[in-house]
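> Numbering (the numbering used here), first residue to last: -6 to 178.
Even for Gly, the Cβ is constructed at its ideal location relative to N, Cα and C.
1) Would you report the Cα separation of residue 110 and residue 121, rounded to the nearest angstrom?
2) What would DSSP say about residue 70, mapped onto helix, strand or coil?
3) Pull up the distance between the alpha-carbon of residue 130 and that of residue 77, whole angstroms please.
4) Which same chain residues, not among the five before or five after residue 43, have their C-beta less than 6 Å away from its C-beta?
5) With a threshold of 6 Å on Cβ separation, who are the neighbours of residue 170 within its own chain once the five nearest residues in sequence on each side are excluded?
6) Is residue 96 helix, strand or coil by DSSP?
7) Which residues does DSSP list as the beta-bridge partners of residue 124?
Quick look at the structure:
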């Protein structure tokens, strides 16, 4: 009984129509997943063209070995992925808005760096706001109201500068007013 099932599955999976349609559908799905866009309408049109082509080819008296159809069906997704990667190889950084490069500024003689994180409301939060030495660019150690550089010994005692909340508000203000350098490291 198991032998009949295996033979039936092999016969079903070696059907050229199943191989061609399955490979095309899988390739279209992978390509639309990579691009991240809804390509359903174009995929249906492409599938229709492929089916018409296959109908014409398979309806004629040309015989192709199953292994060749398998290779063709498996190569379609690879070719689509290659084409998409070639067409979409634009510099990803150039697609980012200019304000996302604003991740460093100096306030009250201390250099501050941060990152942006997309929150659950699809808004960006400032995170990892850290002080760095203005002399050697090493991360500073905070001791209450003092900053100390472990590398060069820079000290800033009795720092009466801005609190972290105030720094975040100033950064947001700079972003809204576009008071930030065009490029930041």
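So, from the listed chains and residues:
1) 10 Å
2) helix
3) 41 Å
4) 17
5) none
6) coil
7) 105
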